[in-house]
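Residue numbers (mature numbering (1 follows the signal peptide of the UniProt record, and there is no 0)): -19 to -1, 1 to 583.
Note that CB positions come from ideal geometry on N, CA and C, so glycine has one too.
Here the structure comes first, spelled out in structure tokens, and everything after it is commentary.
Structural data, given as structure tokens:
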């Protein structure tokens, strides 16, 4: 009995879904008389889907339609004409990714709804919910209440598969509420039929979950929708009879299922009296009622008629033929107790299932090949464009890097040239300074000798007051500079000569106090002499002497290291570098490099 209920639900769902196969937003283009328009291709999709695909291939080669139209229509053909939902979803996603898809909000909403349907049919219920949510956001822009209701129905169907039943029925109720408001505002065939579809889907889901009382409670609402269809002037002929027959079949099956045989027989008599149930398309809806009423021979009679029609008009190697057609036949034979016939039907079902699986694998391969063939050219063009763009980007980056590198090299060369010129100038200055000092030392030595001779001749030696014994060292820096005489100049020359000639600046323990002991210089004049005649303090004078000595060492011993020269000049490495740069404006290493380059040139 459970299989019977499942077969009936499948049948009812297929019938109810037929109410929503049309797409109101895809056929707006003009030019229906042309072969290569969206309108004509949609028109032949349901009857000649292969021809529709061939027209799309030609339209793509001739660029008669935009890439969005091509992908959108291919999705439409595979979805509605061939029921290949995987391929339909593939092309729908290609159309969805194009910026052109957002230009027409209504058409984009139609595409999103189709993607939600395809995901549902492929078993990707979470993906379908995602597109339903996106469709709800688009509804705020378009205001299309029909799509809003259909999205709620689709959302509810997904949640049913995800076993979130309360939330699923909440979405169904939202859809029914929206459509109920629409029929009040715009009562016509379309609004009443949409409401009937939503109500029918809810009843089907309630029945599938054995919630019969809730399904029966919805009977007045469905009756109201039927009255609206009957009263609408634009309702197509035969639609009202079909919808009433569908309703009576559903509630007849529910009555038999819950054991209310009298109500079930009454409803079945209404089905028999309905004109639609006597047509070739409508006879089949009797079968679920007959199986549940245990009238198996009558059921098998109508099953046989339906199978004969299907064999004459379509390919019976499909899932719909297996369930519900063969499934209901199997249940009828099982109900009769004809196990031999039931076994034969079951073998047929297994053989068809095996054939279908092989066919599906083959079709999947063919679909992949077709997709590859269709997209090969577009992919090649896209790859070439990407390659050109990448190459251009590399060229631009290379040019930018080259320009920056050239500017940087130019800056480095200019800086090096400036530094080299500066170093050459400073080196020449140092050379001139050293030559001047050598000459000055010679003149000092000669002046001292001449003064000593004059003093001997005049017998008037200089007797400076011995104030140095026990005198404390005064600071090199004095606040004021008194006027000095030639005698003071001669005194400074004598002190400077003694320091230079005896290289006192290289003595580790040398200081001013020891110098004052040897040369009688008034303590209050000592610092002033160096400030006036040397232009610096005594300690700085000693440092300058050491630096001059280091310069001579670098010239005389180019193989010595700078550390060795600093140590020989009685200076630390850090003090040597700092004082040298401060005095000469260049580093010791730069001076040495310049001296070595000059030696190589010579």
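Subject >> Euclidean distance between Cα positions of residue 94 and residue 329 >> reply: For the purposes of this step, residue 94 is taken as the residue at position 113 of the chain shown. For the purposes of this step, residue 329 is taken as the residue at position 348 of the chain shown. Distance between the alpha carbons of residue 94 and residue 329: 37 Å.
Original post:
Of all the options 62, 84, 56, which has the alpha carbon lying nearest to the alpha carbon of residue 97?
Top reply: If you number the chain shown from 1, residue 97 lands on position 116. Checking every option, the nearest Cα to that of residue 97 belongs to 56.
**OP:** Mind reading off the beta-carbon distance from residue 511 to residue 470? Whole number of angstroms is fine, and I expect it under 8 Å.
**Re:** Within the chain shown, the letter at position 530 stands for residue 511. Within the chain shown, the letter at position 489 stands for residue 470. Your pair residue 511 and residue 470 does not check out as a contact, with CB atoms roughly 12 Å apart and the cut at 8 Å.
Original post:
Which one of 567, 311, 248 has the shortest CA to CA distance from residue 402?
Top reply: As a first step, residue 402 must be located in the chain shown, where it is residue number 421. With distances taken between CA atoms, residue 402 lies nearest to 567 out of 567, 311, 248.
Original post:
What residue from 380, 151, 54, 495 has the CA that sits closest to residue 25's CA?
Top reply: The residue you call residue 25 lines up with position 44 of the chain shown. When 380, 151, 54, 495 are compared, the shortest CA-CA separation from residue 25 is found for 54.
Original post:
If we ignore side chains and look at the alpha-carbon of each, how far apart do residue 303 and residue 326 end up?
Top reply: In the chain shown, counting from the first residue as 1, residue 303 sits at position 322. In the chain shown, counting from the first residue as 1, residue 326 sits at position 345. For residue 303 and residue 326, the distance between alpha carbons rounds to 10 Å.
Subject >> Residue from 306, 191, 316, 298 whose Cα sits closest to the Cα of residue 339 >> reply: Your numbering for residue 339 matches position 358 in the chain shown. When only C-alpha atoms are compared, the closest one is 298.
**OP:** Taking all protein chains shown into account, decide if residue 577 is buried (16 or more other Cβ within 10 angstroms of its Cβ) or exposed.
**Re:** In the chain shown, the residue the question calls residue 577 occupies position 596. Exposed, by the Cβ-count rule.
Original post:
If we call anything under 7 Å between Cβ atoms a contact, is residue 527 one with residue 565?
Top reply: Taking the chain shown and counting its residues from 1, one reaches residue 527 at position 546. Taking the chain shown and counting its residues from 1, one reaches residue 565 at position 584. Going by C-beta atoms, residue 527 is not nearer than 7 Å to residue 565.
Original post:
Taking the C-alpha atoms as reference points, what is the distance between residue 152 and residue 115?
Top reply: Residue numbering aside, residue 152 sits at position 171 when the chain shown is read from its first letter. Residue numbering aside, residue 115 sits at position 134 when the chain shown is read from its first letter. The straight-line gap from Cα to Cα measures roughly 15 Å.
Subject >> Burial state of residue 188, where buried means 16 or more other Cβ atoms lie within 10 Å >> reply: Within the chain shown, the letter at position 207 stands for residue 188. By the neighbour-count rule (16 or more Cβ atoms within 10 Å), residue 188 is buried.
Original post:
Cβ of residue 584 within 7 Å of Cβ of residue 139?
Top reply: Coverage of the chain is limited to positions -19 through 583, which leaves residue 584 absent and any answer about it impossible.
**OP:** Label residue 523 either buried or exposed according to how many other C-beta atoms from any shown protein chain fall within 10 Å of its C-beta, with 16 as the threshold for buried.
**Re:** As a position in the chain shown, residue 523 is number 542, starting the count at 1. With 16 or more other Cβ atoms within 10 Å, it is buried.
Subject >> Distance between residue 529 and residue 563 (C-alpha atoms, nearest Å) >> reply: Numbered from 1 along the chain shown, position 582 holds the residue referred to as residue 563. Numbered from 1 along the chain shown, position 548 holds the residue referred to as residue 529. When rounded, the distance between both Cα atoms is 13 Å.
Original post:
In three-state DSSP terms, what is residue 316?
Top reply: If you number the chain shown from 1, residue 316 lands on position 335. Here residue 316 sits in helix by DSSP.
**OP:** Closer than 6 Å by C-beta to residue 273: which residues in its own chain qualify, once you throw out the five before and the five after it? Chain order, please.
**Re:** The residue given as residue 273 occupies position 292 in the chain shown. Contacts found: 234, 237.
Original post:
Buried or exposed: where does residue 71 fall if 16 or more other Cβ atoms within 10 Å of its Cβ makes it buried?
Top reply: Numbered from 1 along the chain shown, position 90 holds the residue referred to as residue 71. With 16 or more other Cβ atoms within 10 Å, it is buried.
Original post:
Cβ of residue 213 within 6 Å of any heavy atom in the ligand MG?
Top reply: Here there are no bound small molecules, and the ligand MG is not part of this structure.
Original post:
Cα-Cα, which of 570, 558, 552 is closest to residue 539?
Top reply: In the chain shown, counting from the first residue as 1, residue 539 sits at position 558. Of the candidates 570, 558, 552, the residue whose Cα lies closest to the Cα of residue 539 is 570.
Original post:
residue 23 to residue 61, Cα distance in whole Å?
Top reply: Here residue 23 refers to the residue found at position 42 when the chain shown is read from its first residue. Here residue 61 refers to the residue found at position 80 when the chain shown is read from its first residue. Those two C-alpha atoms are separated by around 9 Å.
Original post:
Would you call residue 308 buried or exposed, if buried means 16 or more other Cβ atoms sit within 10 Å of its Cβ?
Top reply: Taking the chain shown and counting its residues from 1, the one referred to as residue 308 is at position 327. Buried, since its Cβ has 16 or more Cβ neighbours within 10 Å.
Original post:
Do residue 226 and residue 257 have their C-beta atoms within less than 7 Å of each other?
Top reply: For the purposes of this step, residue 226 is taken as residue 245 along the chain shown, with counting starting at 1. For the purposes of this step, residue 257 is taken as residue 276 along the chain shown, with counting starting at 1. Yes, the Cβ-Cβ distance between residue 226 and residue 257 is below 7 Å.
Subject >> Own chain partners of residue 134 with C-beta closer than 6 Å, once the 5 adjacent residues on each side are dropped >> reply: On the chain shown, position 153 is the one that residue 134 refers to. Contacts found: 156, 179, 182.
Original post:
What are the boundary residues of the alpha helix (DSSP H) that residue 74 is part of?
Top reply: Taking the chain shown and counting its residues from 1, one reaches residue 74 at position 93. Where residue 74 is concerned, the enclosing alpha helix (DSSP H) starts and stops at 66 to 78.
Original post:
Does DSSP put residue 555 in a helix, a strand or coil?
Top reply: Within the chain shown, numbered from 1, the residue matching residue 555 stands at position 574. It is helical.
Subject >> With 16 other Cβ atoms within 10 Å as the buried cut-off, status of residue 572 >> reply: Against the chain shown, residue 572 aligns to sequence position 591. Buried, because 16 or more other Cβ atoms sit within 10 Å of the Cβ of residue 572.
**OP:** Compare the C-beta of residue 216 with all C-beta atoms of chain C and state if any pair is closer than 7 Å.
**Re:** Here chain C cannot be found, since the structure has a single protein chain.
**OP:** Can you give me the Cβ contacts of residue 149 inside the same chain, cut-off strictly under 6 Å, excluding the 5 residues immediately before and after it?
**Re:** Taking the first residue of the chain shown as 1, we reach residue 149 at position 168. Correct list, in chain order: 137, 140, 141.
Original post:
DSSP three-state call for residue 231: helix, strand or coil?
Top reply: As a first step, residue 231 is located in the chain shown; it is residue number 250 there, counting from the start. Three-state DSSP puts residue 231 in a helix.
**OP:** Output the distance between the C-alpha atoms of residue 560 and residue 374, rounded to the nearest integer angstrom.
**Re:** Counting from one through the chain shown, the residue named residue 560 turns up at place 579. Counting from one through the chain shown, the residue named residue 374 turns up at place 393. Using only the alpha carbons, I get a separation of about 52 Å.
Original post:
Roughly how many whole angstroms lie between the Cα atoms of residue 575 and residue 535?
Top reply: Position 594 of the chain shown holds residue 575. Position 554 of the chain shown holds residue 535. One alpha carbon belongs to residue 575, the other to residue 535, and they sit about 11 Å apart.
**OP:** Check each candidate in 65, 165, 494, 47 and name the one with the smallest Cα separation from residue 79.
**Re:** For the purposes of this step, residue 79 is identified with residue 98 of the chain shown, where counting begins at 1. Checking every option, the nearest Cα to that of residue 79 belongs to 47.
Original post:
Looking at residue 99 and residue 664, is the spacing between their C-beta atoms short of 7 Å?
Top reply: With the chain covering only -19 through 583, there is no way to say anything about residue 664.
Original post:
Is the beta carbon of residue 316 sitting closer than 7 Å to the one on residue 277?
Top reply: Looking up residue 316 in the chain shown gives position 335. Looking up residue 277 in the chain shown gives position 296. Between residue 316 and residue 277, the C-beta spacing is below 7 Å.
Original post:
With a CB to CB cut of under 7 Å and the five nearest residues on each side skipped, what residues in its chain are close to residue 268?
Top reply: Reading the chain shown from its first residue, position 287 is the one you call residue 268. Closer than 7 Å at the Cβ level, and outside the excluded window around residue 268, lie 280, 283, 284, 309.
Original post:
Rounded to whole angstroms, how far is the Cβ of residue 554 from the Cβ of residue 545, which I believe are closer than 8 Å?
Top reply: In the chain shown, counting from the first residue as 1, residue 554 sits at position 573. In the chain shown, counting from the first residue as 1, residue 545 sits at position 564. Not confirmed; about 10 Å, so no contact.
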